[in-house]
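Colleague:
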Amino acid sequence: MELIVSLGIGVLAGCGTWLVLRPRTFQVILGLSLLSYAVNLFIFIMGWVRGGAPPIVAAAASVDASRFADPLPQALVLTAIVISFATTALLLVVLLAARGLTGTDHVDGREPGE
Amino acid sequence: MSAWADHVVVAPIVLPLACGGLMLLLDERRHAAKGVIGLATIVAIGLAAAVLLAQAPVAHIYALGNWPPPFGIVLVADRLAAAMVLLGAVLAFAALAFSLARWQRAAPRFDSLVQFLLAGLNGAFLTGDLFNLFVFFELLLASSYGLALHGAGRMRVRESLHYIVINLVASLFFLVGVSLLYGVTGTLNMADIALRIPQVPAGDRVMVEIGAAVLAMAFLVKAGMWPLGFWLPSTYAAASPPAAALFTILSKVGIYAVLRLWLLLFDAGTGATLLLFGGMATVAYGMSAMLAAQDIARMAGASLLVSSGTLLAAIGAHIPAVTGAALYYLVVSTLGAAALYLLVELIERARAPGANVLAVTAEAFGEAAPEGLPQEPEGAAIPATMGVLGLAFACCALLVAGLPPMPGFLAKFALLSALLAPDPVPGTAWALLALLALSGLAATIAMARAGVRIFWAARLEPRRIHLAEMGPVAALLALCLALTAAAGPVTDYLHDTARGLHAPHGYIGKVLSR
Amino acid sequence: MAIACLAVLASQHPEVAAGEVVRSSFAWMPAFDLAFTLRLDGFAWMFGILVTSIGALVVLYARYYMSDTDPLPRFFAFFLAFMGSMLGVVLSGNLIQLVFFWELTSLFSFLLIGYWHHSAAARDGARMALVITSAGGLCLFAGVLVLGRIAGSYDLDVVLAAADRIRAHDLYVPALVLVLLGAFTKSAQFPFHFWLPQAMAAPTPVSAYLHSAAMVKLGVFLMARLWPALSGTDAWIWIVGTVGLGTLLFGAYTAIFQHDLKGLLAYSTISHLGLITVLLALNSPIATVAAIFHTLNHATFKASLFMAAGIIDHETGTRDMRRLGGLRRAMPITATLAVVAAAAMAGVPLLNGFLSKEMFFAESLAVQGPSRLLNRALPYFATLWGIFSVAYSLRLIHGVFFGAVATDLPRTPREPPRWMRFPVELLVLACLVVGVLPAISIGPLLKVSVRAVLGPQTPAYSLAVWHGITTPLVMSLVAMAGGALLYVLLRRHLAGATQAPPFLPPIEGRSIFDRVLLVVSWRWARGLDSLLGTRKLQPQLRWLLLAALLAAAWPAWRLGLQAGPLPWSTLDPALALVWAVGGACAIGAAVQAKFHRLAALLLAGGAGLVVCLTFVWLSAPDLALTQLLVETVTTVLLLLGLRWLPKRVPFEDTSAGRRAALPRRLRDLAIAAAAGTGMAAIAYAVMTRPLPDNAISRFFLERAHDEGGGTNVVNVIIVDFRGFDTLGEIAVLGAVAVAVYALLRRFRPARESLAPPRARRGQSPAGASEDLKVPAVIMRAVFPATALLSAYLLLRGHNLPGGGFVAGLVLAIGVIVQYMADGARRTEDRLRIRPLNWMGAGLLLAAATGAGSFLVAHPFLTSHTPHVALPLLGEIALPSAFLFDLGVFSLVVGATGLILIALAHQSTRGRWS
C-alpha cells in the first residue's frame, strides 16, 4: 500500500520533472501539472491514517480523533489544488501569448538554431 | 484583543484586498478614481505600519478567527514585519503615483493587481503561520505575474514565461518543504515548529532538515541567489517601470523569509556556510553582470543581485550587529533600485530616439505602442529636464555604488565594521570586505560609463518629463538622503530588530504566550 | 560664500593659536560608534584657510574666465560644493567621516573636470580621474576600517593616541598600504600620476584650484594627519620614500618636455607633491615642518601660475609653448607676475619656494634612513630635482614671455581685465612677502599648524632667508646653474614635435590604464557573465532542480533516511492496478507530449483521475471531488489552448541530431529519475511513520462541530479555522483571472493558426455550433441542472463534501458548456455575465464577512452560527462562515468563468477577425 502510493508519487514526479526540462512550452505546462499531482499527493499522505475514516464527524459531542484521517493536510491540498489550477491557467494563456508574439512555442521564444 | 486598535494588524492585508475587489467593480475607464482609491489605501497601510512601528517593542499577536495559536492562524507584527510593511507601502506609493501618468492606462485592471500584490506582500511579512506564508507568497507571485506582463510586448511575455515557470517550480518546493515540516512536527505555526523541532526524535530529524533545505531553495530562488537568480535581471528589465520598481521588494521577501525562518528554526550551524558562500557568489556574479550590462535597466537588476548577495552573506555571518547593518542596507538598496527603475524610463524618453541603448524596453515599447499606450504624458513639464534627470541618475548611481552622500556608504560601513568586530577576524570577513569594495568599484565604473554615455556624450534634445513622474523619483531619493541624515535612529531601531531576531525565544514566547 | 567661510575660520584663530582644539560633535550612527565630529586644530585651520582663501580668489577669477555661453550656475554650484567637501575632509575628526567627504571630493572633481562635456578629452579625463581616485578611496575606506579596528574607534584623537598599538599590531602593514594607496592616488603619486595631466582638460580655474591647491593636497594632508600614528617605521620610509622620490624625479623630468603649458604645470605639480611626500617620509619632525611649509608655498605659486596660464590661454587662444612667445610685450603685467611665480617654483632666493627648497636640501643631507646607500644618494637626487625644476621653470618663462614674438596666434593677446588679474597679483605678492620676511608673515600660521601635527615633539626651526654659506645654498646654486645649462642644451630638442622625454621607456600610464580597464571591466566581465549566467530557461530549471536535489540529498546522506517503524498495511490489488494504469498514463504523457499533444493531454488527464481515485480510496472525498472538477476545467482550458500551438509533425530526426541531443537527454533523464526516486523515498519514509500524536489537527476534529458549526471538518478548516488561507487563495484566483483578462485583451494569435477551415472544424468551440446541432440542444439543457447542482453543493458544503469552491467550479463549467453549445455571441445575448463583478463582489463579501466580527469586537474572521429554517431544506446551520463561503463561490465563478470565456473569445476572434 504505502509502497504503491509512494511509487506512484515517484513516477508522477519523475515524469513531471522530465517534461519540465523539455524545450517546448506545452511539454513544460504538462510537466508542471504532473508535478503538482505528485506534490498534492505528497502533502496529502502527510496526514494519512491507516483505515482512517473521512474527516466528517458526527454531531456527537466527543470525537475519537485517532479514528479519522488527518483533515488538515486535506485542507492544505485543497488550497494547493486551487492555486495550482489558477497558475496553470495563467501559464497556459502566457504561453499562448508568447506563441502569438514570438511565432514559436520554444520556451526561449526563439528556435534553438536562431 | 478586543479594542478596535488591535485590528490595525490585519488592516495592511485586508484593506488592499477589499480595495482591489472594489476596483474590479468600478468601470475600467475611471482611472482617476482608481488612482485616488489606490493611493488612499496605500497611505492607510503606511499609517497602520507606522502605528505598529511606533509601538515597536510590543509585538502584536493577532489570532485570526479567534482560534488560539498554534491552532488558528496568527499574525505577528514585530519590529521586522512592521518595518518591511512600511517599506513596501513607500515603494508602492511611489510606483503607483508614477504609473498614474501613463502606465496605469497601458492595460486594464492595473490598480487591482497592485493592491493584490500589496496584500500578498504584507501578508507574507505579517503572518506567523508557515502555510499561510505560502498562500501569501502565491498571492504576491500571482499578482506579480500579472504586473510583469503589464503592457504585454514580446520581451515582457517571453521573460514573464521564464519568471512564471521558475517560480511555479519554486512554489512546489515550498509545498514539499512545508508539508514535510508538518508531517514531522504536526504543526504549522512557526513559533510552535521552533518549539517542537528540538523534541523531534533523532530518527525523524532528517525529515526536518530535508524539509528545511527544500524550503530554503524556494526562498533563495526569490532572493535571486546564484545560480538560482538568472531570471531576475531579465524579467525586471523587461517589466514596465512601475512594476519593476515594485518588484525590487519582491526579491527582499525571499531574504525576509530566510532571515525569519532560519533564525527562528535553526541555530548558526545549519546552512550558515551555504548562505555565506552563496551570497558571495551572487555578489561576484552580479558584479560581472553589472559591468557587462548594455543598458541601465539590466544594471539595476544586477545591482539587485549584488544587494541580495550582500544580504545573504551578511545573514550567513550570523552576528546580530551584522544583521542589523544588513537590514539598513536592505532598506537603502531597495529604495535606490526602485528609484533607478523608475528613472530608466524617463531617461529613455528624454533621449533622442536614434541613440537607443535600452534595447530591451525599446522592444517592449515597440510591441506595446499599437495598443494605445499614451506615449507622451500630458501635463506640466519640468524645466531643465536633462539637468534634473542627470542629477537623479547621479544619486542613483551613488546609491548603487555605495558612495557618499547616499546612505549606501553608511550601510556598507556599518556592515563591514560589524563584520570586522569579532576577534580574530574570520577569513571570510576579509573576503567579503574585498568583494564589497570590488563591487563598489565595479558599480562606479559601470555607472560612470553609462552616465557619461547618456548625459555627456550623446546629443540630446530634451523632451518634456511629466512632473507626476519625476516627483516619485525625487521623493525616493530625498528619502534616501534623509536616511543618511537620520541614520542614527534608523540603525538603532534595526539593531534592536536584529537582536530580537537572533534571540527567537522572545518571539516564540510572545506568540504562544508561554 | 568662500569669503564667509574664510571669515568664520579666521574668527577661530585665537583659540587655535592658543593650541586648543575646537570640536563640535554629535552622534551619527551610535549603533556603530560613528559620530559626526568637526575638529579644528591648527593644521586643519591652516588647510582651511588655504582652501577658502584660494577658493575665493579662484571664484573671482573664474567669474571673468568663463565665457557667457557656459552654464555658470552649474559651475559655481559644483565648485562651492567641492569646496564644502574639502572643508569637510579637513575638519573631520572622525576617519569614516573623512572618507565620506574624501569620496565627495572625488565626485565633484569628476563633475568639474567633465564640465565641458562636449569634448571627448574632458569626458575621458573625468572618468579616469573618477575611477582612479574612487578606487583609491575604497582602499582608504578599507584601510580606515582596519585602523579603526586596531584602535578600537574611528575617532581621530583615539586613533592618534593609539599610535604605538597601531605600529605594533600585525595588521599595521596592510592598513598602512591601504591608507597610502588612497593618499597616493589622490595626490597623483607615481605610478598613479597619469590622471592629473588628463584632468587638465578641465577649465583652468578648476585646474588652478583642484589640481594645484586643494584636492591633490588631500593625499599629503592625510599623510600628515596620520603621520603621528603611522610614520616612524621602516615600512613607512620605504614605501612613502621610494614612491615620493620616484614621483619627484619623474614628474620634474617629464615636465621639461611638455609643450602644453598646463601639461608642464601638471607634471611640475606632480613632482612638487612628490617632494612633499618625500619630506613626510623622512620620519624627522623638521622634515615634516618643511613639508607643511612647502604645501603652503606650492599652493600659492602654483595656483597663480595656473591662473596666469589660463589668462594666456584666454587671451591668445593657445597653450602650446612652441607657438607662444614674446608675450611680455603684449601683456607686461601678467608676464611679470608669471615670471615671479615661476621663479618661486624654481626656488629662486627671496621667494617662498626658495625657503622650503632649502629646508628640503638640508633635510636630504641630514636624513637617517634605514639604508645608508639611499641616505648618501638623496642629496644628489635632490640637486638633480633642483636642476630639472629650474629647467622647466626657465622653459616656461623664456618660451612664453621672451623670444620672438609669436605671429600666428588665434587671438591677438592683450592684458586681461583688471579683476581677472587681481587674484594672481595677490598670490604673487604673497610669494614675495613670504620669501622676504618669512618669520613675520608665515611664521605664526606655520607654528600653530606644525604644533597641531607634531604636538610635543615640535622641533626648533628658523625661517630665515640667510643662513650663511651652507651646503644647501651651494646645492641650490648648482641647481640654478645646471638648470640653466640644461635648458640651453635642450632648446633645439624642445622645439621638435615629440613630447616623449628621452631616456625613459615610452610607457604611457594612461594608455595602459585604458587598455586594462577595457579588458577587465568589459571583456572579462562579459565573459564571466556569460560563463556564470544564462538567459535560457532550460539551464535555469536544471540548476534549480539540481540545487533542490542536492539540498535534500545532503541531510539524507548525512543523517541517513530510513523507513519508519510501522509495518506494511495490506496491499490492495485494485489500487495497485489503478496505479499501474496511472503510472503508464504519466509515462505515456511524458513521451507523447512533444508530437501528439492531444494524446498526451488525455493521458495526463488519466493520471489525474488516478490521483482522484486515490483520494477516494484514502478517505478524502473533498479532495477527490475538487480534483475531479479542476481536472475537467484544466483539460477544457488546455483543449481551448491547443488550437494556437504550431502543428508539429514527427520528423524522422537524423541519427546525427539524435546523437547531438543524447547527452542532454540523458542528463535530464538522470535528474528526473533522481527527483522521482527522491520523492518516492521520502513519501515512503513518511508513510511508515505514525503521525505526531500532538498534531494540531486533533483540535480541529474535536471542535469542528461544536465551535465550527459543521461536521465536514475539512470544509470547516477551510472556511473557519484557516479561513484566512482561503481568503488569500481566492485572491490568488482573482489576481490570476485579472492577469489573464488583461493579457488576452491584446492577444494576437499567430497567423497560420487562424487559417484553414478544415483545421477549425471541431476545434474552435464557437465553430462547433454549426456542426453539432444535437449535442448543442442537450448542452443547453445541462445549464439549469448544473446551476442547481452547484447551489446544492454550496449549501451542504459545511457538513458534507462540497463547498463554495466546488460549487463555483460546477457553475463555471455550466457556463462554458453554454459557450460550447451556442458559441460566444448567442450565449452572451441570452445570459449576461459580468465575471469581473462577480469576482469583485465575492472578494468584498468574503472580506466584509471577516471584518463583520470587528463589530462584535472579535478578531478578523471570527465566525458566528445562527440557525435558520429554510423551506424545503429544513433547519440548517447558517454560520457566518457560510457567507464567507458564498463569497468564495462568487469569486470562483467569476474567475473561472472569466478565464474560460476569455479563451473562448479568442477562438471567436480567431474565427471572425
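Residue numbers (our numbering), protein chains in the order written: chain A, 2 to 115; chain B, 193 to 706; chain C, 142 to 1054.
The beta-carbon is built from N, C-alpha and C at its ideal position, and this holds for glycine as well.
Straight-line CA distance for M399(B) to G819(C)?
Modeller: Their backbone Cα atoms lie some 12 Å apart in a straight line.
Colleague: Rounded C-beta distance between G458(C) and L550(C)? I'm assuming under 8 Å.
Modeller: Here G458(C) really is in contact with L550(C); their C-beta atoms are around 6 Å apart, less than 8 Å.
Colleague: For N853(C), name the three-state secondary structure that DSSP assigns.
Modeller: strand
Colleague: Is any beta-carbon of chain A found at less than 8 Å from that of Q339(C)?
Modeller: no
Colleague: Have a look at A679(B), A666(B) and R641(B) and flag the residue whose alpha-carbon is nearest the alpha-carbon of S662(C).
Modeller: R641(B)
Colleague: Give the single residue among G579(B), T377(B), P204(B) and A429(B) whose Cα lies nearest to the Cα of M347(B).
Modeller: A429(B)
Colleague: For A436(B), which residues in the same chain have their Cβ closer than 7 Å to its Cβ, ignoring the five residues on either side in sequence?
Modeller: Y428 and Y533.
Colleague: Is the stretch 311-321 of chain B close to the stretch 444-455 of chain B, with three or more CB pairs under 8 Å?
Modeller: yes
Colleague: Per DSSP, what are the beta-bridge partners of T319(B) in this structure?
Modeller: Bridge partners of T319(B): L267(B).
Colleague: Of all the alpha helix (DSSP H) runs that stay within the bounds of the stretch 479-510 of chain B, which reach a length of 4 or more residues?
Modeller: 488-509
Colleague: To the nearest angstrom, how far is the alpha carbon of P260(B) from that of L267(B)?
Modeller: 12 Å
Colleague: Classify D713(C): buried if its beta carbon has 16 or more other beta carbons within 10 angstroms, exposed otherwise.
Modeller: exposed
Colleague: Using the beta-carbon of each residue, which ones in chain B are nearer than 8 Å to R513(C)?
Modeller: What R513(C) touches in chain B: nothing, since even the nearest Cβ is about 37 Å away.
Colleague: What's the C-alpha gap between N359(B) and V1029(C)?
Modeller: In this model, N359(B) and V1029(C) are separated by some 25 Å (Cα to Cα).
Colleague: For the stretch 666-677 of chain C, which residues have a CB atom closer than 9 Å to at least one CB atom of chain B, in sequence order?
Modeller: A666, R667, G668, L669, D670, S671, L672, L673, G674, T675, R676 and K677
Colleague: Within 10 angstroms of the Cβ of P433(B), are there 16 or more other Cβ atoms? Answer buried if so, exposed if not.
Modeller: That one is buried.
Colleague: Counting only beta-carbon atoms, is N978(C) nearer than 8 Å to chain B?
Modeller: yes
Colleague: Which residues of chain A have a Cβ atom closer than 8 Å to the Cβ of S352(B), listed in chain order?
Modeller: V95
Colleague: With distances taken from CA atoms, which of R222(B), A287(B) and E220(B) is nearest A660(B)?
Modeller: A287(B)
Colleague: Are the CB atoms of C726(C) and V751(C) within a distance shorter than 8 Å?
Modeller: yes
Colleague: When you measure from the CB of L608(B) to every non-hydrogen atom of the ligand SAH, does any distance come out below 7 Å?
Modeller: Looking for the ligand SAH in the displayed structure turns up nothing, as the structure carries no ligands at all.
Colleague: At a Cβ cut of 7 Å, what residues of the stretch 403-428 of chain B count as close to chain A, listed as they run along the chain?
Modeller: none
Colleague: Whose CA, out of L279(C), S294(C), I190(C) and Y205(C), lies closest to the CA of A1059(C)?
Modeller: The structure shown does not extend to residue 1059(C), since chain C spans only 142 to 1054, so no value can be given for it.
Colleague: If we ignore side chains and look at the alpha-carbon of each, how far apart do I253(B) and Y337(B) end up?
Modeller: 31 Å
Colleague: Judging by CA-CA distance, which residue of S372(C), V565(C) and F434(C) is the nearest neighbour of A580(C)?
Modeller: Check the Cα spacing between A580(C) and each of S372(C), V565(C) and F434(C): the tightest is with F434(C).
Colleague: Tell me which residues of the stretch 629-648 of chain B have at least one Cβ-Cβ distance to chain C shorter than 8 Å, keeping chain order.
Modeller: Contacts with chain C (Cβ-Cβ distance below 8 Å) from the stretch 629-648 of chain B involve A629, G632, L633, A634, T636, I637, A638, A640, R641, V644, F647 and W648, listed in chain order.
Colleague: What residues from chain B crowd round N835(C), counting only those whose CB sits closer than 7 Å?
Modeller: Listed along the chain, the chain B residues whose CB falls inside 7 Å of the CB of N835(C) are G378.
Colleague: Chain B beta carbons: is any one of them nearer than 8 Å to that of L570(C)?
Modeller: no
Colleague: Quick check on the DSSP output: the beta strand (DSSP E) that includes T178(C) runs from which residue to which?
Modeller: L175 to L181
Colleague: Taking only beta-carbon positions, decide if S7(A) is within less than 8 Å of chain B.
Modeller: no
Colleague: Quick one, which of G289(C), H439(C), V947(C) and A342(C) has its alpha-carbon nearest L766(C)'s?
Modeller: V947(C)
Colleague: Helix, strand or coil, according to DSSP, for V163(C) in the structure here?
Modeller: Of the three classes helix, strand and coil, the one that applies to V163(C) here is strand, per DSSP.
Colleague: Under 8 Å between beta-carbons, which chain A residues line up against Y825(C)? List them in chain order, please.
Modeller: At a beta-carbon threshold of 8 Å, the residues of chain A lying near Y825(C) are E3, L4 and S7, ordered along the chain.
Colleague: Using DSSP's beta-bridge definition, name the partner residues of S1057(C).
Modeller: Here chain C covers residues 142 to 1054 and nothing more, so residue 1057(C) does not appear.
Colleague: Looking at the structure shown, is D375(C) part of a helix, part of a strand, or coil, going by DSSP?
Modeller: helix
Colleague: For the stretch 577-621 of chain C, list the beta strand (DSSP E) runs that are entirely contained and at least 3 residues long, ordered along the chain.
Modeller: Runs of the beta strand (DSSP E) lying entirely within the stretch 577-621 of chain C and spanning at least 3 residues: none are present.
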